[in-house]
Amino acid sequence: MKLIKRAIALTAFFLLSATANAAETPKVADFSFKDIEGKAHQFSDYRGKWVIVNYWATFCAPCVAEIPALNSIAKRYKDKAVILGMEAGETSTDELKQFVEQKKVAYPIIPTQDSTMFALGLVYGVPTTFVVNPEGEIIDTHTGAVTSAMLQNYLRADNDATTLAKDKEDDCVSGFC
């Protein structure tokens, strides 16, 4: 049944994409979802902030490797941005809670839900990250692991290379930060 729902959603997405104006920056339609604690959220709750939506799975090595970078961004830019970890591997909530505790994930994790799977666009594989500006427009999509430097380019008012080079991360221990 889930596959049929996803196929219908995929078809609808393609039809809507074909009729959209290519020059427009796509806006994220509001949708609701629940985090691993069961707390209800609306995507519109985050308007006014940058939203980094990261589709991932517990079994995906690059997904796990990028957690320190996402943690770093979540901590450093907590007033300016929010990271949403959209789990796409259909892992049970209990297993997700255990994983989050073990890996010390510092941002909200959202279990797989029909409302989240195609909310921002097609996810061809994990990890896939959507960058949404404070106005709710998707300004970039990246398939593959992200680094904190990549994400900082969006979150900084001063995007010059000198500032980025000076800004070392002390809480990052992997090569993906």
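If you count by mature numbering (1 follows the signal peptide of the UniProt record, and there is no 0), then the sequence shown holds residues -22 to -1, 1 to 155, one letter each, in order. Ideal Cβ positions, reconstructed from N, Cα and C, are used throughout, including at glycine. None of these values were measured; they are calculated from a predicted model.
Closest by C-alpha distance to residue i, when choosing among the options
i, options, result
"isoleucine 87", "Asn32, Asp8, Glu113", "Asn32"
"serine 50", "Cys41, Ile61, Pro40", "Ile61"
"alanine 7", "Gln130, Lys17, Phe21", "Phe21"
"serine 93", "Ala47, Asn111, Met64", "Met64"
"serine 70", "Ser126, Pro4, Gly16, Leu133", "Gly16"
"alanine 84", "Phe11, Ala47, Ala18", "Ala47"
"serine 126", "Glu68, Thr119, Ala52, Glu115", "Ala52"
"phenylalanine 9", "Tyr132, Met95, Met128", "Met95"
Whole-angstrom distance between residue j and residue i, CA atom to CA atom
i, j, result
"aspartate 23", "alanine 39", "31 Å"
"glutamine 91", "arginine 134", "32 Å"
"valine 42", "alanine 35", "8 Å"
"valine 101", "glycine 122", "11 Å"
"leucine -20", "alanine 97", "With a pLDDT of 47 at leucine -20, under the threshold of 50, the modelled position of this residue cannot be trusted; read the value that follows with caution. About 16 Å."
"lysine 82", "threonine 3", "34 Å"
"isoleucine 116", "valine 110", "4 Å"
"lysine 12", "glycine 114", "19 Å"
"histidine 120", "histidine 19", "24 Å"
"aspartate 118", "glycine 99", "11 Å"
"glutamine 80", "tyrosine 132", "29 Å"
"methionine 128", "aspartate 72", "31 Å"
Environment of residue i [buried if 16+ CB atoms lie within 10 Å]
i, result
"phenylalanine 37", "exposed"
"proline 112", "exposed"
"isoleucine 14", "buried"
"glutamine 130", "buried"
Assumed close pair residue i, residue j - CB separation to whole angstroms, cut-off 8 Å
i, j, result
"valine 124", "glutamate 44", "6 Å"
Residue-chain proximity (residue i, chain B), Cβ-Cβ < 8 Å
i, result
"leucine 74", "Included in the structure is just one protein chain, with no chain B present."
Self-check item: Sufficient close CB pairs (3 or more, under 8 Å) joining the segment 70 to 87 to the segment 105 to 114
Solution: Verdict: no, contact absent.
Exercise. May I ask you to verify whether the segment 52 to 69 touches the segment 15 to 28, counting CB pairs closer than 8 Å and requiring at least 3?
Key: Three or more pairs of CB atoms, one per stretch, sit closer than 8 Å, so the segment 52 to 69 contacts the segment 15 to 28.
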